[in-house]
Amino acid sequence: MSPKQPAYVVLNRNGEALARRLIAATGGEVHGLRQRTTAPDHDFTDTLPHIAALFGEDVPVIGICAAGILVRAVAPLLADKNDEPPVIAVAEDGSAVVPVLGGHKGANGIARVIAAALGITAAVTTAGDVALGFAIDDPPAGWNIADPAAGKAVMAAMLNGEAVRVDRDPHLPMPAWLKVPNVDDGAAVSIRITDGVSDGNAFVVHPQVLCLSVGCERDCDPVELETLVRDTLDKAGLAAGAVACVVSLDLKSDEPAVLALAENLGVPARFFDAARLAQETPRLKNPSDIVYAEVGCHGVAEGAALAAAGTDGALIVEKNKSARATCAIARAAAPVDPKLLGRARGRLSIVGIGPGQASWRTPEVSHWLTEATDVVGYGLYLDLLGSAIAGKQRHMSELSEEEARVRRSIELAAEGRDVALVSSGDAGIYAMAALAFEVLDRDDDPAFNRIDIRVSPGISAVQAAAARIGAPLGHDFALISLSDLLTPWEVIEQRIEAAARGDFTVAFYNPVSKRRRTQLAAAKDILLNHRPGEVPVILARNLGREEENVQVITLSALEVDMVDMLTLVLIGSSATRHIRRGMREWVYTPRGYAAKHAGG
Numbered sequence: 002m003s004p005k006q007p008a009y010v011v012l013n014r015n016g017e018a019l020a021r022r023l024i025a026a027t028g029g030e031v032h033g034l035r036q037r038t039t040a041p042d043h044d045f046t047d048t049l050p051h052i053a054a055l056f057g058e059d060v061p062v063i064g065i066c067a068a069g070i071l072v073r074a075v076a077p078l079l080a081d082k083n084d085e086p087p088v089i090a091v092a093e094d095g096s097a098v099v100p101v102l103g104g105h106k107g108a109n110g111i112a113r114v115i116a117a118a119l120g121i122t123a124a125v126t127t128a129g130d131v132a133l134g135f136a137i138d139d140p141p142a143g144w145n146i147a148d149p150a151a152g153k154a155v156m157a158a159m160l161n162g163e164a165v166r167v168d169r170d171p172h173l174p175m176p177a178w179l180k181v182p183n184v185d186d187g188a189a190v191s192i193r194i195t196d197g198v199s200d201g202n203a204f205v206v207h208p209q210v211l212c213l214s215v216g217c218e219r220d221c222d223p224v225e226l227e228t229l230v231r232d233t234l235d236k237a238g239l240a241a242g243a244v245a246c247v248v249s250l251d252l253k254s255d256e257p258a259v260l261a262l263a264e265n266l267g268v269p270a271r272f273f274d275a276a277r278l279a280q281e282t283p284r285l286k287n288p289s290d291i292v293y294a295e296v297g298c299h300g301v302a303e304g305a306a307l308a309a310a311g312t313d314g315a316l317i318v319e320k321n322k323s324a325r326a327t328c329a330i331a332r333a334a335a336p337v338d339p340k341l342l343g344r345a346r347g348r349l350s351i352v353g354i355g356p357g358q359a360s361w362r363t364p365e366v367s368h369w370l371t372e373a374t375d376v377v378g379y380g381l382y383l384d385l386l387g388s389a390i391a392g393k394q395r396h397m398s399e400l401s402e403e404e405a406r407v408r409r410s411i412e413l414a415a416e417g418r419d420v421a422l423v424s425s426g427d428a429g430i431y432a433m434a435a436l437a438f439e440v441l442d443r444d445d446d447p448a449f450n451r452i453d454i455r456v457s458p459g460i461s462a463v464q465a466a467a468a469r470i471g472a473p474l475g476h477d478f479a480l481i482s483l484s485d486l487l488t489p490w491e492v493i494e495q496r497i498e499a500a501a502r503g504d505f506t507v508a509f510y511n512p513v514s515k516r517r518r519t520q521l522a523a524a525k526d527i528l529l530n531h532r533p534g535e536v537p538v539i540l541a542r543n544l545g546r547e548e549e550n551v552q553v554i555t556l557s558a559l560e561v562d563m564v565d566m567l568t569l570v571l572i573g574s575s576a577t578r579h580i581r582r583g584m585r586e587w588v589y590t591p592r593g594y595a596a597k598h599a600g601g
């Protein structure tokens, strides 16, 4: 199945309402036709190109529309069925669900989930699913296929009623999902169930029962660690496809070599604390007092492998060493679910969701929100996200409790959670990103330092205000916050004076509050000392929301009572122009092209 969340493509309000119901079962976001839908997470104007773009980006597409629309949209892109994401058609009245493409890449499974939510039966048409009840090349989680193409002969034999030989390592369970109707040890076509390397023409199924544990020195060369692991697997005759996870001590959760190894093997990395590994001491083959003195347990490689394999598991490869790395392998009694082991490396995604409307949210931010287990933010901002964060743990606080929000998000990430810290606008402009890095810098906590941190930009209020009215930021500009809560007013005054002397277009964030009523008036007076009172001023309030209002006045006419905390005040330079063309008014700041043409 594609690792990306599905996109529900809807063409009207009825389809939008159905998509909202189904998202609770499948996850995903609503992509709605502009002006035909109410509040989609993303909107579009051209249906077929939009579907084609999603398909090209390997996004599962669920169209609440006629199947023919989906077929026409993706037909020019069809090539290798093994590389196609799921495409599913759902009737607008919920009476039918049809996996159109990608049946063995997750479409059949998604269709069945949707059908269960609707109380109907999915119209699955792939031969194996219909005749046998399963797809041999699309196993459930915990099982890997060495070569999916080899499954054609096996599936053909079973569909024709022919016998199939099944060979299985005696220490491995028989997969419950693999229902072979006619088994014969003398059959020409065979299935091999093994965690080892297999030669021959058999269709090889690997149960993911191997728990690969590693340890290494700080900044170990990733090539050295992977070479050690690959050599160890080869020497033991074990298949990389049977590896369920890479595990280690939590102190290694930010070690590049460990993370690179897990990525290259295509499995999760999970981490245990020293106390958990210490519980495995009686089962270690090579306990070490030196290791205990350094990290608090007698063995990382063997201990983590055994902890992952569980009480019914066994160590099958003792600690193996290279110059700077170690590894060991344990075998579990059944396929392993890595999500139940230890913890993942925590991740903090600091995102800006734009001023309000979902269509201004970037695809990267939407994707990161989909991946998150927890979202942290001011309640209003989380409410604006709507179904984009459905089913996720919400951690809300008051607007003024910025540091509490940042600390909560970092603490959750340090516990192994995937956390999105939400700001309006752009997270790096008078928002949460700078404070997050300040807390990390100030605390220098080892647990905090090990989390994965990333920042994604958003459309800022000043960009939205400028776009709504034209191009007032067409030349040099300055952004200044008038809040003196964290910055002394004397410093703010100096910055306003500098911007005024430099004749910058100036955008004021946090222009007033219930207690601050004098700063905006003082800023106006400073600017009037250096530019005419006729320069245009843009008052932009509730941008991207239903109550949006954008007004153009002059600097002389600006009064404090015209503004509140939801207003961005954008004051033009002496060159900024306010024009009216047709039924619209526009504000722009020229860059000097007129002078260039006059001189040329």
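Throughout, our numbering is defined as the position within the sequence shown, counted from one, plus 1.
Note that the Cβ used here is the ideal one computed from N, Cα and C, for glycine as well.
If you're wondering where the values come from, they're calculated on a predicted model, not measured in any experiment.
Do residue i and residue j have their CB atoms nearer than 7 Å?
i, j, result
"Leu349", "Tyr379", "no"
"Gly143", "Gly197", "no"
"Leu528", "Ala501", "yes"
"Gly475", "Thr590", "yes"
"Val98", "Gly216", "no"
"Pro288", "His299", "yes"
"Phe56", "Leu78", "yes"
"Gly103", "Val88", "yes"
"Val420", "Asp384", "no"
"Ser254", "Arg451", "yes"
"Ala157", "Asp185", "no"
"Leu307", "Ala345", "no"
"Tyr431", "Ser482", "yes"
"Val564", "Ile554", "no"
"Leu173", "Ile194", "yes"
"Glu93", "Gly187", "no"
"Ala53", "Ala74", "yes"
Just confirm the distance between the C-beta atoms of residue i and residue j, as a whole number of angstroms; I'd bet it's less than 8 Å.
i, j, result
"Val318", "Cys246", "So it is not a contact: roughly 15 Å between Cβ atoms."
"Thr38", "Asp44", "7 Å"
"Ile65", "Val125", "Going by Cβ atoms, the distance from Ile65 to Val125 rounds to 18 Å, so no, they are not a contact pair."
"Ser214", "Ala329", "5 Å"
"His396", "Arg409", "5 Å"
"Pro473", "Leu386", "No, Pro473 and Leu386 are not in contact; Cβ-Cβ is about 29 Å, not under 8 Å."
"Gly355", "Gly459", "5 Å"
"Asp59", "Pro86", "5 Å"
"Ala326", "Leu229", "5 Å"
"Phe273", "Gly343", "4 Å"
"Gln209", "Asn161", "Contact doesn't hold; Cβ gap of about 31 Å is too wide."
"Ala258", "Leu285", "That belief does not hold up - the Cβ atoms of Ala258 and Leu285 are roughly 23 Å apart, past 8 Å."
"Arg42", "Ala389", "Looking at the sequence shown, residue 42 is not Arg but Asp. Contact holds; Cβ gap of about 5 Å."
So is residue i buried or exposed if we call it buried at 16+ other beta carbons inside 10 Å?
i, result
"Thr312", "exposed"
"Ile580", "exposed"
"His603", "Outside the displayed span of the chain (2 to 601) sits residue 603, for which this structure offers no information."
"Ser461", "buried"
"Arg532", "buried"
"Gly353", "buried"
"Ile291", "exposed"
"Val588", "buried"
"Asn109", "buried"
"Tyr594", "exposed"
"Thr519", "exposed"
"His51", "buried"
"Asn511", "buried"
"Pro182", "exposed"
"Asp220", "exposed"
"Ser484", "buried"
"Glu281", "buried"
Pull the bridge partners of residue i from the DSSP assignment, please.
i, result
"Arg193", "Asp168 and Val205"
"Arg578", "Tyr589"
"Trp144", "Pro208"
"Lys322", "Thr327"
"Arg542", "Asn550 and Thr568"
"Ala315", "Arg332"
"Gly246", "It should be pointed out that residue 246 corresponds to Cys in this sequence rather than to Gly. Beta-bridge pairing links Cys246 to Cys212."
"Leu400", "Answer is none; Leu400 lacks a bridge partner."
"Cys298", "Answer is none; Cys298 lacks a bridge partner."
"Pro7", "Looking at the DSSP assignment, Pro7 forms no beta bridge with any residue, so it has no partner."
Is the beta carbon of residue i within less than 6 Å of some heavy atom of the ligand FAD?
i, result
"Ala151", "Within the structure as shown, the ligand FAD is missing, as the structure has no ligands at all."
Fill in: Ranges of the beta strand (DSSP E) found wholly within the stretch 409-441, counting only runs of at least 3
Correct list: 419-424.
Worksheet item: What are the uninterrupted segments assigned as alpha helix (DSSP H) that are 4 or more residues long and contained completely in the stretch 21-92, given in chain order?
Response: 48-57 and 68-75
Item to complete: Could you pull out every unbroken beta strand (DSSP E) segment of at least 3 residues lying fully inside the stretch 467-553, listed in chain order?
Response: Runs found: 478-482, 506-510 and 537-542.
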